[in-house]
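Data first, discussion second: the structure below is written as structure tokens.
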Amino acid sequence: MNAAKMAALLGLATMASGCVSLSRSAAVDDLPADWRTQARISEVRLSRGELKVTDGFDGLFRQRVQAKLDGCAKGDRALRLEARLDRFDKANPAMTALVGGANVLRGKARLVDVRTGKVVGDYAIGKTIVGSRLAVIKMGEAEEQLSDAFGEELCAQAFPAAVATR
0 MNAAKMAALL
10 GLATMASGCV
20 SLSRSAAVDD
30 LPADWRTQAR
40 ISEVRLSRGE
50 LKVTDGFDGL
60 FRQRVQAKLD
70 GCAKGDRALR
80 LEARLDRFDK
90 ANPAMTALVG
100 GANVLRGKAR
110 LVDVRTGKVV
120 GDYAIGKTIV
130 GSRLAVIKMG
140 EAEEQLSDAF
150 GEELCAQAFP
160 AAVATR
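Going by numbering that gives the first Met the number 0, the residue at position 133 of the sequence shown is 132; the numbering climbs one at a time, nothing skipped.
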């Protein structure tokens, strides 16, 4: 499919639904198969640069990501998530109301065996959510939306069987 057709379809989907999300996540060093079924996330740690976020963002991020991971990683072997955010762009509400906008997340997720301290999984996490004028309110909840997206993307990458059976 050529670029013009893809852009037209993306535009139609955005107008019809209000939002379209694009995943840019990939495994850098995939979690071993036995960990996929036996692991749970016992702790979420966050590091980030100078991103434009609210004062309560770090706690909100940890809570929302943990909630998503609790739904897909239900084993007994404890892992710690070391999340790093490199990019966190929030759509401008005024521009979204007029022409649309995008919330963008880029970061890394490292899964560490709590018992040994060894990194057992490493993932590049990326999500872009494009919203039309119809989605101005939903797009305004960027911190919540992108925190949920980080957890969902990690679930899909590291624990795909659990995601498929939810």
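Beta carbons are placed, not taken as given, at the ideal position from N, Cα and C, and that holds for glycine.
Out of the options, which has the shortest C-alpha to C-alpha gap to residue i?
i	options	result
A123	V113, V129, Q156	Q156
E143	E49, P159, A26, D57	D57
T115	V129, L78, I128	L78
Whole angstroms are fine: how far does the CA of residue j sit from the CA of residue i?
i	j	result
V103	G120	23 Å
E81	R44	5 Å
S146	L59	8 Å
D85	R47	6 Å
Q65	A101	24 Å
I40	V129	29 Å
W34	R61	22 Å
With 16 as the cutoff for other CB atoms within 10 Å, does residue i come out buried or exposed?
i	result
V27	exposed
R63	buried
E42	exposed
L50	exposed
A38	buried
K117	exposed
A72	buried
A148	buried
A108	buried
If residue i sits next to residue j, beta carbons under 8 Å apart, how far is it from one beta carbon to the other, in whole angstroms?
i	j	result
S24	G150	Not really, about 11 Å apart at Cβ, beyond 8 Å.
R83	G55	19 Å between Cβ atoms; not a contact.
T53	A160	Incorrect: roughly 35 Å between the Cβ atoms, too far for contact.
E140	S22	E140 to S22, Cβ: 19 Å. No contact.
List in chain order: all unbroken beta strand (DSSP E) runs of 3+ residues lying wholly within the stretch 19-48.
Within the stretch 19-48, the complete beta strand (DSSP E) runs of at least 3 residues are 25-28, 38-47.
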